[in-house]
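Counting with numbering that gives the first Met the number 0, you get residues 0 to 408 for the letters of the sequence shown.
Don't be surprised by glycine CBs; every beta carbon is placed ideally from N, CA and C.
Keep in mind it's a predicted model, so treat the numbers as computed, not measured.
Structure first, then comments.
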Amino acid sequence: MDVHQNTHPKFTYQKNHCYQFEIRQTNLESDLKEANLSLDVTENLKVSDFEFRFIPKDDQITCKQIKAFIEKHEWLGKMPHRPTHRFIATYKGVLAGVIVMATPNAFSNLLGAKNRDKEKLISRGACISWSPKNLASSLIMFSICWMVKHTEYRFFSAYSDTEARELGTIYQACNFIYLGQNSGARYEYLDPKRADKGWFSDRNFRKTTSFKKYAEGLNIFWQKDWSYRDKIFWDKIPDHVQKRLKAAAKEHQKNCQRRPVPRKHKYVYIQGKSKKETKRLHQTFRDLNPKLVDLPYPKSRGPNFCGRSKDRILEQQLTGRPDSWWPSKEVSKKFYTIKEVSSMYGIGQWLLYSHIKSDPSFPHINVGLKKRYMIELHEFDSWLRSRNKSRISVGHDLPEANDLMEVGR
Numbered sequence: 000m001d002v003h004q005n006t007h008p009k010f011t012y013q014k015n016h017c018y019q020f021e022i023r024q025t026n027l028e029s030d031l032k033e034a035n036l037s038l039d040v041t042e043n044l045k046v047s048d049f050e051f052r053f054i055p056k057d058d059q060i061t062c063k064q065i066k067a068f069i070e071k072h073e074w075l076g077k078m079p080h081r082p083t084h085r086f087i088a089t090y091k092g093v094l095a096g097v098i099v100m101a102t103p104n105a106f107s108n109l110l111g112a113k114n115r116d117k118e119k120l121i122s123r124g125a126c127i128s129w130s131p132k133n134l135a136s137s138l139i140m141f142s143i144c145w146m147v148k149h150t151e152y153r154f155f156s157a158y159s160d161t162e163a164r165e166l167g168t169i170y171q172a173c174n175f176i177y178l179g180q181n182s183g184a185r186y187e188y189l190d191p192k193r194a195d196k197g198w199f200s201d202r203n204f205r206k207t208t209s210f211k212k213y214a215e216g217l218n219i220f221w222q223k224d225w226s227y228r229d230k231i232f233w234d235k236i237p238d239h240v241q242k243r244l245k246a247a248a249k250e251h252q253k254n255c256q257r258r259p260v261p262r263k264h265k266y267v268y269i270q271g272k273s274k275k276e277t278k279r280l281h282q283t284f285r286d287l288n289p290k291l292v293d294l295p296y297p298k299s300r301g302p303n304f305c306g307r308s309k310d311r312i313l314e315q316q317l318t319g320r321p322d323s324w325w326p327s328k329e330v331s332k333k334f335y336t337i338k339e340v341s342s343m344y345g346i347g348q349w350l351l352y353s354h355i356k357s358d359p360s361f362p363h364i365n366v367g368l369k370k371r372y373m374i375e376l377h378e379f380d381s382w383l384r385s386r387n388k389s390r391i392s393v394g395h396d397l398p399e400a401n402d403l404m405e406v407g408r
């Protein structure tokens, strides 16, 4: 079975607006019909026309509605792994917006080790297609204010997925602090035997449910005291059983197709119960994270991985510039860092580093006491052309370097 046959449109998305907006456009007609509303009415709606509420987890009816709403309107199309708090916006009883907060996969030290447990992740969020454009930001701020008032959580992290062409425009509108584009898993995996389940992160191999399946496949009876919910008590599992289970997990991962994932933008919002507490927390953030203070918001949606076999871009042979990332012809400096070259050429940093380590012909120099790798672009282009010619000569039927480097004609 070709694992690409069932690829969701979001993984080949290449328009200039984010995928979430594409969903709004696609759902508009059906959303209006289901709500029994006309476009004329919705165009005059204001945020003050909506009611915001926190939904406790024991409200099972509304929680099911939230789940269905996320599956239809949110780009990932599924609930997070560990949801804890849910918030909604309604218009005359019609569900129009949802925010789901969850436990972070890994707590950060942005406010110091003593405040690690005061972080909450804004994991999912979506608004219905006919809602006013500022409903999302208003619902986010309502959710944060409610959390600060009723819980001990004080900082709220959020991610914008570059794979969905997201910048974090809503977080910028809410005055979140931008933390850069260095977050998220480096790879996603696809099980060829279960391609309909889609791509998933490497956390899937470590889930309790996954280890239970590995145990079943190995005819190992899973004891009740080996786990509780999402936590596995490895100290209660015999060593020989542990080895077999972990070997099965590695084998499963090895047999899955792997693709690189673009790094995500990360944001955080810090708020205390009082102005004094808020000021103190912000000062703590500045003291502990001087390099993250006043980072400019991203404004460009960046290179479009999805339109050109993004799932293979970091694993391809280096034979020419991908056509969406060229640096300007007016090169402003002679040497560039690995990160800069990666961004300009659309080539993964790890692939550049691997060639530096393994290929003596790769053009680079070491600069400074820390031996920082730098690349001279003209030499790098020459190196790409030479690799291209050598691969053509051995019958790989690749295009000429000049064709690869044609400027979007």
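Who are the near neighbours of residue i in its chain, counting only those whose CB is closer than 8 Å to its CB and skipping five residues on each side?
| i | result |
| --- | --- |
| Trp-198 | Phe-10, Glu-187, Tyr-188, Leu-189, Arg-258 |
| Gly-216 | Ala-247 |
| Arg-279 | Gly-271 |
| Thr-102 | Arg-81, Thr-83, Lys-119, Leu-120 |
| Met-251 | The identity of residue 251 in the sequence shown is His, whereas the question assumes Met. Excluding positions up to five away in sequence, the list reads Asp-190, Phe-204, Ser-209, Tyr-213. |
| Leu-244 | Phe-210, Tyr-213, Ala-214, Leu-217, Ile-219, Ile-236 |
| Ser-182 | Tyr-158, Arg-262, Lys-263, His-264, Lys-265 |
Since residue i is in the beta strand (DSSP E), which residue starts that stretch and which ends it?
| i | result |
| --- | --- |
| Cys-126 | 118-126 |
| Ile-219 | Careful: Ile-219 lies outside any beta strand (DSSP E) and carries neither H nor E. |
| His-72 | Counting along the chain, His-72 falls outside any beta strand (DSSP E), though it belongs to the alpha helix (DSSP H) covering 59-72. |
| Arg-115 | That residue, Arg-115, is in no beta strand (DSSP E); it is neither H nor E in DSSP. |
| Val-99 | 93-101 |
| Leu-189 | 186-189 |
| Tyr-152 | Taken as a continuous stretch (DSSP letters only), Tyr-152 belongs to no beta strand (DSSP E), as it is neither H nor E. |
| Lys-356 | Looking at the DSSP string, Lys-356 is not in any beta strand (DSSP E); the run it does join, the alpha helix (DSSP H), is 348-357. |
| Val-366 | 364-366 |
On the CB-based measure, 16 or more other CB atoms within 10 Å of its CB, does residue i come out buried or exposed?
| i | result |
| --- | --- |
| Glu-122 | It should be noted that the sequence gives Ser, not Glu, for residue 122. Looking at its Cβ environment, which holds 16 or more other Cβ atoms inside 10 Å, Ser-122 is buried. |
| Asn-43 | exposed |
| Arg-23 | buried |
| Ala-67 | exposed |
| Cys-255 | buried |
| Ile-269 | buried |
| Phe-220 | exposed |
| His-72 | buried |
| Asn-218 | exposed |
| Lys-309 | In this predicted model, Lys-309 has a pLDDT of only 39, less than 50, meaning its place in the structure is not dependable; the value taken from the coordinates is given anyway. Counting Cβ neighbours within 10 Å, Lys-309 comes out buried, since at least 16 surround it. |
| Leu-134 | buried |
| Arg-164 | buried |
| Leu-28 | Position check: residue 28 holds Glu in this sequence, whereas Leu was assumed. So Glu-28 ends up on the exposed side. |
| Val-366 | exposed |
| Asn-114 | buried |
| Glu-162 | buried |
| Ser-299 | exposed |
| Ala-112 | exposed |
| Val-292 | exposed |
In its own chain, which residues sit with a C-beta less than 7 Å from the C-beta of residue i, not counting the 5 before and 5 after it?
| i | result |
| --- | --- |
| Arg-231 | Per the sequence shown, the amino acid found at residue 231 is Ile instead of Arg. Excluding positions up to five away in sequence, the list reads Thr-207, Phe-210, Trp-225. |
| Asp-30 | Ile-127, Ser-128, Trp-129 |
| Gly-76 | Glu-70 |
Grab me the residues of residue i's own chain with a C-beta within less than 6 Å of its C-beta, minus the 5 sequence neighbours each way, in chain order.
| i | result |
| --- | --- |
| Gln-180 | Arg-262, His-264 |
| Glu-50 | Thr-89 |
| Lys-328 | Here the model assigns Lys-328 a pLDDT of 44, short of 50, so the residue's position is not dependable, and the following value carries that caveat. Cβ neighbours of Lys-328 beyond the five flanking positions: none. |
| Lys-56 | none |
| Thr-61 | Ile-54 |
| Thr-41 | Trp-129 |
| Ile-374 | Tyr-335, Val-340, His-363 |
| Tyr-170 | Ala-157, Tyr-266 |
| His-395 | Below a pLDDT of 50, predicted positions are generally treated as unreliable, and His-395, at 45, falls in that range; no measurement from the model is reported. |
| His-281 | Ile-269 |
One question on the structure: do residue i and residue j come within less than 8 Å of each other, judged by their Cβ atoms?
| i | j | result |
| --- | --- | --- |
| Ile-98 | Leu-138 | yes |
| Gln-64 | Leu-94 | yes |
| Trp-145 | Leu-36 | no |
| Ser-159 | Ser-107 | no |
| Ile-346 | Tyr-372 | no |
| Ile-127 | Gly-96 | yes |
| Lys-332 | Gln-348 | no |
| Lys-117 | Arg-153 | yes |
| Arg-202 | Val-260 | no |
| Pro-295 | Leu-166 | no |
| Ser-136 | Phe-86 | no |
| Pro-131 | Lys-45 | yes |
| Ser-360 | Trp-382 | yes |
| Gln-222 | Trp-233 | no |
| Thr-277 | Leu-110 | no |
How far does the alpha helix (DSSP H) with residue i in it extend, from its first residue to its last?
| i | result |
| --- | --- |
| Glu-276 | 274-287 |
| Leu-109 | Careful: Leu-109 lies outside any alpha helix (DSSP H) and carries neither H nor E. |
| Met-140 | 134-149 |
| Ala-172 | 168-172 |
| Val-240 | 238-254 |
| Tyr-335 | Note, Tyr-335: premise wrong, no alpha helix (DSSP H); beta strand (DSSP E) at 334-336. |
Cβ contact check for the segment 116-135 and the segment 81-99: 3 or more pairs under 8 Å: yes
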